[in-house]
Every structure is written in structure tokens, then in C-alpha cells.
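Down below is the structure, laid out as C-alpha cells.
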Amino acid sequence: MAREESPSWRLLSDFAADPFAVVGLFLLLLILLVALAAPLISPQNPYDLAQLDIMDSRLPPGSRSASGTIFWLGTDDQGRDMLSAIFYGLRISLVVGVTSTLLALALGLALGLIAAYLGGRSEALIMRIADIQLSFPAILIALILLAVLGQGTLKIIAALVTVQWAYYARTVRSAALVEKRKEYVEAARGLALSPSRIVFRHILPNCLPPLIVVATVQVAAAIALEATLSFLGLGLPITEPSLGLLIANGYQYLLSGKYWISFFPGVALLLAIVSINLVGDRLRDTLNPHFRQ
Amino acid sequence: MADAAAPPPTPLLELRGISKRFVKRLDLAEQIANLAGARIREQTVEAVDRVDLAIAEGEVVGLVGESGCGKSTLGRIAAGLLRPSDGERYWRGAACNGDEASARERRLKMQMIFQDPFGSLNPRLTVLDIVGEAPVAHGLIGARQQIEYVGLQLNRVGLDPTLMRRYPHQFSGGQRARIGIARALAVKPEFLVCDESIAALDVSIQAQILNLFMDLRVALNLTYLFISHNLRVVRHISDRVAIMYLGRFVESGPTAQIFAAPNHPYTQALLAEVGDLKPKKKAFAAIRGEVASPLAPPPGCHFNPRCPYAMDVCRERAPALRPIGPERRSACHLNEPEE
Amino acid sequence: MTDALLSVVGLSTHFATRDGVARAVDEVSFSVRRGEVLGLVGESGSGKSMTAYSILGLVDPPGRVVGGKILFGGRDLAEASGEEMRQIRGNRIAMIFQDPMATLNPVLRIDTQMIEAILAHEATSRQAALERARAALAIVGIPSPDERLEAYPHHFSGGMRQRVAIAIALLNRPDLIIADEPTTALDATIQGQILYEMQKLTVESGAALIWITHDLSVIAGLADRVCVMYAGRIVEQGATADVLSVPRHPYTGGLLSSIPGNAPPRERLRPIQGMTPPLTDLPSGCHFRPRCPHATAECSEVPQTRPYGAVGQSIRCFHPLQASDPD
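Protein chains in written order, with my numbering: chain D, 393 to 685; chain W, 376 to 714; chain P, 2 to 328.
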């Protein structure tokens, strides 16, 4: 046995054993690439009002504009090229989804660890707040917050963080409680290591696996939530449409034959969420200790 | 016996009157129920009940008992991992009462070797970190010397130092046990508590690790408290042995004497179970009953429901641990002179 | 052997893993007579449990029984269908596991589980089944069986649960009981009680017993014959008295000298050097070769089973220990 197998390497090779997960991973990477490179690969910048021509509105897929560019997926009611709009929309959806997830993760992680380590009243307090919050529908909390805060990217991220931190706090807390009882933590105490070292160097890394799984799936949920909020008219401004807003825009045309305005953004959203879920599911399986041995 | 004129040397570790209670407090629901008239009581487990133990430097004291007897709890108290509810600990004659400056140094001198070769090592750290973290953190060695120092410890426990960058899951159970020992040795302890440290290992590996313990004891002048339910192992490695039942010592004394002529009925029952390897069909003679729950130990002598010699007095009064010979003690009413 | 109840011939079970094929059971042959107690001894990775699972058809993918015959009651169980095995399990052959919770369902009452076990194999009335359940609990020494029948597994201690598991195994009066380390996790005094019960039961019911363990002292007291397994192969078998007093295979000898109690106290034991090899990376020829003090070049051939030593004793070795060998 010459290889030095870190747990991360083992994880990757276990992950790759399932073909669906690998497909999901590739799809996800593709989507990420597209989102990152949106300005480079879009035929048109859909936010630049100067480039839009109202005469181009509601053209079916494959039509040409006056200046000769092909609208591969058609245009919406403002003359935006659907393909470009989708690229940019993916970008926004992903940025909002990932950022809010990371921030919620950080917040939930901190609070969960504190609750697990301190125990007693502090733990009870933090967990009750988390429980109360989780008992309200996410959409309701987000709506109320956005109604108060108004529109804008930062505000929507804030709303998503508020809605999501509780999942992470709960997950971390239960994982930390389990780890706290294990003998290697007792050994660390016996070696007179400081509490902060024990929490951050010993307990925390072992709590990460369930967290990673929750986080991956939550990104999809955050994207979906943002799409819903945008669809309802709250959240992102109309000039920088996310996928949700694009879908909302095209909603009225669905039954009158101009399906592409809602359909293609919908497909893009679907692919993004499905690929994230495939990856997340597989991660959960590979990180599950029962599965591994 | 030792020279009667010279005072006996101060024991390395002394436990006096140690008791440990675990209380399951009432939660909110139960408190409310009590207000409404239910009479739910707090449940207390007397895991350890007024135990005295003195361990001399260089000795191996075996602690024997079945599950629930409190030996693991006592071991953790001896190692400083658990605070007793009552009683005092003395290290080299000085009371241990948490004075910060010396407390940390003292804690490093007492280390515990755990039972579970899987759970006792952090799965996300390399062996280098597992063994080297504490010495570096406490300034015993500089960070630059970590690799060399860890290599030294691994050699000492019979492991190949080139493996130090691997993770615990890449090692077998026996190797992990050795890593756990290396981790303890790295902080230069004087006293080791081995809590069922070999129970989870294969028989042939147990023998290897036992040899390792014995070699280390000589090489590093260590003192052990060896906790096990395996009497054969305890007999092999211990100088003295103490037998526990439901939180109390029932008998203690030099190993050879106890195994040759056990006094307490529980000790006799335990020793009867140690099969020898003479291959003849043994008629296993059962000792009646189950070990009582520590939540509701029988009154008087804890062993009385299962004792073939139980008398009335055994149900009323707990027998004291009394000397029955030089260095031997036993807690049984049968030893008491007729009143 | 014409009066053998169970005859295993050349059984092999392999596992397909990422690191290669693990030969968990490698050409294992032994037999058990009616009323006999056979000990199957080995350390972790020896294949002793897997042998039991193979006999009962309980091997899950990626494992597979790849060869051999399991002759029982005039049939080859290796060829039996799933339905046939289902009828035999719990009926003609019963198994007791190390963890009683492998047998007991935590959410069902004891009487429900026991009645279920009876009715699965026999069309009888619930009342009659309940009677048999009560009798079975009494046989294994459980006091106040009526109360215990209505209880759930979590009301019992570990030792009691194992007794209930044994009672369930006995319900349908099996011809063969396979016990896989049933007392390893129990306290010494409870283990003593259970061994006592098992001894009584096998004598009274005439069932054969295969007792799987790593603890040689239990075997010494309980078993008529013993098979010693290492890395998937049976390296030595014979009457317990013969194997334990004059072991012929170096591994058996090494195991015996690893046990403290034979050696003078506080002296170094003489354990076997090295570790059990992983099943995916076994040495060629004799699996014990790297650890064996007597190994020579000859041992890179696969040793075959041959009789050696006392009557009924056989080994798989080119350099058996002689009676005169120092330990």
C-alpha cells in the first residue's frame, strides 16, 4: 500500500463509482462554466438597454435580428435574446444561491458549534430560535423580510441567509454532540489541549461531511427560492433578471404559443437544480459511514 | 515484608474516599409533571462508591470487574479526565485541586489508553498530527522537531515511522492501538491508565500489545492501572489486583495470592469462569441471577442476591473492606469474626 | 461420513471489491454429526462467520458462494433456491448472532416475534404457538416467562436478550444450530450461564451445534471437535482434546502461546509475529507463510488437507509441529 490516501481522495473515488452522479457533476461544472463565462459567450448583453430593439420582441427560436445575429432560443417581450438572458440569469441565480448558502453555512456553523460546546441554557436558546424559525414556511419569512427591506441583490441574499441558517445550526449541533462523546475528543482533553483547539481542529472537521451534504442540496433550494421570489415580483430588479424573473415574464405568453420565453429559462433552472441534487445525493451516500464499510 | 522501620514511600497516585454519582436531572416536562402531582424522582447512579486506592511507583495494578461495575469511571477519575463527586486525589503526596500552573503539567503525566481502536483516533488527522500535536502545543518540542520526534515514538511502539503521513483508517486494529500508545507516550507520562486497551483486538495481537506494555514499563519506568474484564490478562500483567462490583471494591491484594485463594464469593465466581485450556468438557456451573442495575443496587452487600453464602446480615449492612492478611483486603461478612 | 448431519465440501465464497477479489472462504471442508458440538475458531478475517453465512445462504453481493457443496438432509444447499433456503432457515438450521438485536425486532413484543417465527414454518394455532414460546423461554432459564413474553427487547439486559434469541433459535426444534460469537459481548458470569444452558440444551435436544468464536477456552470446555481457520482456510481440525493438547499447525500453536495463563506471569508472551494479511492481498501458497517460524521454500505451494497426528486430526501444512517441539 504505497498510496497516501487522504479522506478527500477516498471520497472522490467513491463518488465517481456512480455514473449518474458523474453525469450530474459534469453538468454542474458545465453550468458553472457557462455562468462564469457569460459575458464572453453571450451573443448579446441583455442588460444593456441600448442593444435591445423592441422590434425584436417575441421572435421564435432561430429567427434573425435586423443586424443579422441569430436568436437561438428566441427573444422575450423586450427584445432580449433568450440565450444570453439565460446565461446571465444562471449567473445571477448561482451567485445568489451560492453566496447565501455559504453565508448561512458560516452563521449556522458558528451557532451550532457554540450550542453544542456550551450546552445548557445557551444551547437551549439557540436551538429554540432555530426550531421556531424552521416551523415557519421559508417563503413566508422571505416575503416578510423583503417586503420590509425592499428589492436588490444584497437584500435577497440577506433574506435567504435568514431563512437557511437554522438547517446548518441544527445539523452541526447534532454532529458535534456525537463527536464530542467520541474517545478521540476525550483523548484530546486528556492531552490538555485547549477547548478552542479541540472544537476547531478536532470536532469541526468531523462535522463537515453532513454539512457538505446539506449545503449542496440547500444551494438548489436557495436557487429555487430566489426564483420563486423573483417570480412573485419581489427580489431582483427587473433590469437584471434572474431565471425566476424570466420565467415570470414569459408566463403570460405560455398559452398563446410563445412558449419559449418561459420554457427555456425553466429548463435551465431545472438542469441546474437537478445537477446539484445529483451531486448532493451522491455525496450523502458516499459520506454515510454505513455505506462506506 | 519491607523494612518496618522505614516509612513506606509515597504512592505515586492515591485516591481517597472517591465517589462518583451521575444524576439524571429532571427535564422541563418532568418538572412540570411534578408540579401537577406526579412524583418523578431524579435518578442517581452511584458509579463509584467510596473507593480508596494507592498505586506505588512502578507497579501495575489490575482493576477487574464486569460491565457496570464502575471500573471505567474509576479509571477516568484516576487519569484526571473526570472529576469525582467526593473524595480526594493525591499525586506524589500533593493534593490535586486544579491549581492551574501545575495542573497542566500534572495532567500530562497521567495518560489514558483507550479501548476502541477505531473511535480513539481522530479520523481526519494523520498519525504525524495525532501523535505530534500535543507535544508541540505544550512546548515539549519545537515544531521543526515534530517529524523526528513522532518517528521516535512510533519506533518505540513497534510501528514503521515512514507510515506517519497516513490516516487511521489505513491501519489495522492492532496498529491503531499502537498509535494510541504512541500518542500517550509522546507527552512523557509517568502513569498510564489502560482501559480495556486490548479487549477489541485479536488474540495474537493482544499478546503483542501486552508484551509492548511490559517492555515499555521497564524501559520508561511506567506505572499502570490496568483495567480489564479478562482475568487471564490481568493475572499475567498485574502485581496487585482489585476487584470491583457495582461501584465498590470487594477484594484487593497481590495477584498471585488472589488467584491462588480468592476470598470473596464474587471473586471465586469470576475465577471459576476463567476456563483453563485443558480440553475436557467442562460442566459450566452457573452463578445465579443478573448483575443488578446500578440505578437500584441491592441494599447491604451489593452482591447478596447472587451470593451462594448470603446471610441475613448481608442484606442489611454493607461489609467494610477489611484486611484479611498482609496487603490483602476483602469486603465480606463471612470474614468477620462471629459476634 | 454417512452419519454426518451437515457436510461441507470445498466451500468457497469470494467478494468482489475495489482492491481485487477477497477469498473470504477458501475450499473449506468439514462435517458435523448429530448431537456433536463443533468449534470454529479463528481471529478476525479468518472467514469463520462468512462460512456460517454461506451455509445459510445469507451472503449478500458483492459476495458470492463460488464453489463447493453443502450437504444437509440429503440436499445440496449451495444449489437450493431462495424459497427452499427460507424454509430451512429458522426451521432445520437456526442461527444465533453476536448481537441479539440482529434477531430481535425492537418494535415488536417478544411473544409476537416468537409466534411469528413458529407460524412461518408450521401451520398451527396462535395459542399452541404461544405455549411453545413460553416453554422455550423457560428452557433457556428466563424467570417469569409470562411477563417477559409481553415485554419489548429494550426491557431486557444484554444477557437476557441473548437468551431470548437462543429461545427463538430453538423454537422449531432445529437439527443444527450455528452460534456466531453469541457470548463475546457478554460479561464473564453471564457467559458462563449461557454456556451452561447451551450445553444442557444440546444434550437434551440432540441438536448439533457449530460454535464460532475466537476464544479457545470456551472451545476447550464446550466442543467435541474443533476447526481452526486462518485467512479463509481451515488449517487444522480434529478432536478438541487432540488439537489443544498437541497442536500440529504452527498457527494453532502460536494462538495457544499467545494466551496468557499458559506462560508464567509477567514474562513476555510468545505471540505470532506480524498481522493477518488483508484478504485481497494474500500471500501465495500457504497463507500463514510470512508469519510462520517454520516456513521454507516449499510453502509457496498451496498446502492440501491431509491427516496428521491423532485419529481424525488433519492439517493443511508442510511443516507440522512435532509433539516434541518446544512451544
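Every residue gets a Cβ at the ideal spot worked out from N, C-alpha and C, and that includes glycine.
| Check | Outcome |
| --- | --- |
| With DSSP collapsed to three states, give me the class of D/K572. | helix |
| List the residues of chain D that W/F489 touches, going by C-beta distances under 8 Å, in chain order. | E575, E578, A579 |
| Report the rounded CA-to-CA distance for P/E237 versus P/V42, giving the unit in angstroms. | 10 Å |
| Put P/R234 into one of helix, strand or coil per three-state DSSP. | strand |
| I need the straight-line Cα distance from W/A377 to W/P386, nearest angstrom please. | Any reading at W/A377 is ruled out, since the residue's pLDDT is 48, under 50, leaving its predicted position unreliable. |
| Going by C-alpha to C-alpha distance, which of P/T277, P/G262, P/P279, P/R234 sits closest to P/R271? | P/G262 |
| Would you kindly work out how many angstroms separate the C-alpha atoms of P/N106 and P/A118, rounded to a whole number? | 12 Å |
| Grab me the residues of W/A695's own chain with a C-beta within less than 7 Å of its C-beta, minus the 5 sequence neighbours each way, in chain order. | A706 |
| Would DSSP call D/T620 helix, strand or coil? | helix |
| How many Å lie between D/M393 and D/L621 at the Cα? | Caution applies to D/M393, whose pLDDT of 40 falls short of 50 and renders its modelled position unreliable; the model cannot decide the point. |
| Secondary structure at W/C569, three-state DSSP: helix, strand or coil? | strand |
| Is the beta carbon of P/A170 sitting closer than 7 Å to the one on P/I97? | yes |
| Quick check on the DSSP output: the alpha helix (DSSP H) that includes D/R674 runs from which residue to which? | 652-679 |
| In this structure, how does DSSP classify P/R307 when only helix, strand and coil are distinguished? | strand |
| Contact check, P/I260 vs P/V29 under 8 Å by CB: the rounded distance? | At roughly 24 Å, the Cβ-Cβ gap does not stay under 8 Å, so P/I260 and P/V29 are not in contact. |
| Could you give the uninterrupted runs of the beta strand (DSSP E) lying entirely in the stretch 396-463 of chain W, keeping only those of 3 residues or more? | 418-430, 435-439 |
| At which residues does the beta strand (DSSP E) containing P/A5 begin and terminate? | 5-18 |
| To which residues of the same chain is D/H682 closer than 7 Å at the C-beta, ignoring the five residues directly before and after it? | Low confidence applies here, because D/H682 scores a pLDDT of 48, under 50, leaving its location unreliable and the question unanswered by this model. |
| Using the Cα positions of W/I407 and D/V564, report the straight-line distance between them to the nearest angstrom. | 30 Å |
| Using a Cβ cut-off of 7 Å, which residues of the stretch 387-410 of chain W contact any Cβ in chain D, in chain order? | none |
| Under 8 Å between beta-carbons, which chain W residues line up against P/P266? List them in chain order, please. | R610, H611, I612, T630, A631 |
| Using a Cβ-Cβ cut-off of 8 Å (strictly less than) and excluding sequence neighbours within five positions of P/M2, which residues of its own chain qualify? | Any reading at P/M2 must be qualified, since the residue scores a pLDDT of 43, below 50, and its modelled position is unreliable; no value is offered. |
| At the 7 Å Cβ level, is W/N530 part of the contact set with chain D, yes or no? | no |
| Below 7 Å between beta carbons: does that hold for P/D181 and P/S45? | no |
| Beta strand (DSSP E) containing P/T214: first to last residue? | 209-214 |
| Let me check one thing: in DSSP terms, what residues is D/S455 bridge-paired to? | D/F463 |
| Which term fits D/Q556, buried or exposed, when burial requires 16 or more other beta carbons within 10 angstroms of its beta carbon? | buried |
| Quick one: which chain D residues come within Cβ less than 8 Å of W/V420? | In chain order: nothing, as chain D lies at least about 17 Å away. |
| Using the three-state DSSP reduction, which class does W/V649 fall into: helix, strand or coil? | coil |
| Identify, in the order they occur along the chain, each residue of the same chain with its Cβ nearer than 7 Å to the Cβ of D/E618, setting aside the five sequence neighbours on each side. | S485, V488, G489, I548, L552, G627, S634, G636 |
| What residues of chain W sit near P/H156, judged by a beta carbon separation below 9 Å? | Within 9 Å Cβ-Cβ: nothing; P/H156 doesn't reach chain W, min ~12 Å. |
| List, in order along the chain, the chain P residues whose C-beta lies closer than 8 Å to that of W/N586? | R269, L270, P272 |
| Given a cut-off of 7 Å on the beta-carbon distance, is the pair D/V606 and D/Y559 in contact? | yes |
| Mind listing the chain P neighbours of W/S603? Cutoff is C-beta to C-beta under 8 Å, in chain order. | Those do not exist, as W/S603 stays about 11 Å from chain P at its closest Cβ, beyond 8 Å. |
| Tell me whether W/L696 sits in a helix, a strand or coil according to DSSP, three-state version. | coil |
| Based on the DSSP output, what are the partners of W/E626 in its beta bridges? | W/I618, W/S705 |
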